[in-house]
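The block underneath contains the structure these notes are about, expressed in structure tokens.
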Amino acid sequence: LNGANEVIEKRIVTIGLLDHSPVHPREVFADVIMDRAAAVIFVHNHPHGDTQPSDADRQLHDRLTEAGQLLGIRVLDHIIVARKGYFSFQESGLIS
Numbered sequence: 645l646n647g648a649n650e651v652i653e654k655r656i657v658t659i660g661l662l663d664h665s666p667v668h669p670r671e672v673f674a675d676v677i678m679d680r681a682a683a684v685i686f687v688h689n690h691p692h693g694d695t696q697p698s699d700a701d702r703q704l705h706d707r708l709t710e711a712g713q714l715l716g717i718r719v720l721d722h723i724i725v726a727r728k729g730y731f732s733f734q735e736s737g738l739i740s
């Protein structure tokens, strides 16, 4: 997202296996930096159908948020999409 929170680009960073997807902040933020984005919204899916974030999801979210802070890039939301609906870290108060 640019400084006005308008979408600059949508990217697929990784495609994982049924139960996990390897993600490293370096790969996640590489294109964000190249696009000179001011903010990001992360989205990933849960193929098993449960929208609730796992412990690994929460840890990843914390790592990505910390990396964004170091880079001066705001993490506006992290959304988990599943067949039953979605979970928003922002709507759930997990992003301040």
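Heads up: the sequence shown runs through residues 645 to 740, numbered per this note's numbering.
Even glycine gets a Cβ: it sits at the ideal position worked out from N, Cα and C.
Values in this document were obtained by computation on a predicted structure and should not be read as measured data.
| Asked | Found |
| --- | --- |
| Using CA coordinates, which residue listed in THR658, ILE659, ILE652 and VAL667 is at the minimum distance from ALA711? | VAL667 |
| I believe PHE731 touches GLN703 by the beta-carbon criterion, under 8 Å. Please report the beta-carbon distance rounded to the nearest angstrom. | Not really, about 15 Å apart at Cβ, beyond 8 Å. |
| With C-beta atoms as the reference, is LEU708 less than 8 Å away from ILE685? | no |
| Taking Cβ to Cβ, would you say ILE724 is nearer than 8 Å to ASP701? | yes |
| Just to confirm the assignment, what range does the beta strand (DSSP E) spanning ILE685 have? | 683-689 |
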